[in-house]
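Plus 29 on top of the position in the sequence shown (first one is 1) and you've got the numbering used here. Even for Gly, the Cβ is constructed at its ideal location relative to N, Cα and C. Okay, structure first, notes after.
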Amino acid sequence: MYDYSKYENATPKQLINALSLVEKRAKKLELQTKENNELFKFLNEKLKNSLNVKKRKKEYLPKEPTKATKEILAKNEPLPYKNFDDLLNAIDKEIKAENA
Numbered sequence: 030m031y032d033y034s035k036y037e038n039a040t041p042k043q044l045i046n047a048l049s050l051v052e053k054r055a056k057k058l059e060l061q062t063k064e065n066n067e068l069f070k071f072l073n074e075k076l077k078n079s080l081n082v083k084k085r086k087k088e089y090l091p092k093e094p095t096k097a098t099k100e101i102l103a104k105n106e107p108l109p110y111k112n113f114d115d116l117l118n119a120i121d122k123e124i125k126a127e128n129a
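Right under this line is the structure:
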């Protein structure tokens with residue numbers, strides 16, 4: 030809180046100086062507020078993009094076999110994978126073994 034009583038008996042020169050200082054301080058605070066708002070918007074957007082990328086990576090594995098996967102499975106009959114689900118289960122087991 031400001032002490033307004035010190036300006037009661039101030040000279041016009043002192044009042045002009047005080048007003049000048051207050052204007053400078055207000056401009057500085059306005060600039061800081063603007064910069065903080067810009068940073069807030071930037072960080073908010075980066076966070077949204079980051080979460081979307083993680084979501085896309087998670088959804089990357091197809092739920093149904095692709096044409097290429099079907100061709101590979103058809104060519105490699107001796108593989109222990111009878112269907113696409115068996116292949117996905119085997120991949121999951123390998124990933125879990127690597128992370129353990």
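Rounded straight-line distance, which links the Cα of ASN65 to that of LYS56: What you label residue 56 is simply residue 27 of the sequence shown in a count that begins at 1. What you label residue 65 is simply residue 36 of the sequence shown in a count that begins at 1. Cα to Cα, LYS56 sits roughly 14 Å from ASN65.
Look at the alpha carbon of GLU74 and the alpha carbon of GLU67, and state the distance between them as a whole number of angstroms. Here residue 74 refers to the residue found at position 45 of the sequence shown. Here residue 67 refers to the residue found at position 38 of the sequence shown. Roughly 11 Å separates the two Cα atoms.
Residue range of the alpha helix (DSSP H) that THR98 falls in? Your numbering for residue 98 matches position 69 in the sequence shown. Note, THR98: alpha helix (DSSP H), 96-104.
CB-CB length for PHE69 against PRO94, believed under 8 Å: Your numbering for residue 69 matches position 40 in the sequence shown. Your numbering for residue 94 matches position 65 in the sequence shown. Not really, about 45 Å apart at Cβ, beyond 8 Å.
Through-space distance from GLN61 to LYS125, alpha-carbon basis: Mapped onto the sequence shown, residue 125 falls at position 96. Mapped onto the sequence shown, residue 61 falls at position 32. Distance between the alpha carbons of LYS125 and GLN61 is about 49 Å.
Rounded to whole angstroms, what is the Cα-Cα separation between PRO41 and LYS63? Locating residue 41 in the sequence shown gives position 12, where the first residue counts as 1. Locating residue 63 in the sequence shown gives position 34, where the first residue counts as 1. Using only the alpha carbons, I get a separation of about 33 Å.
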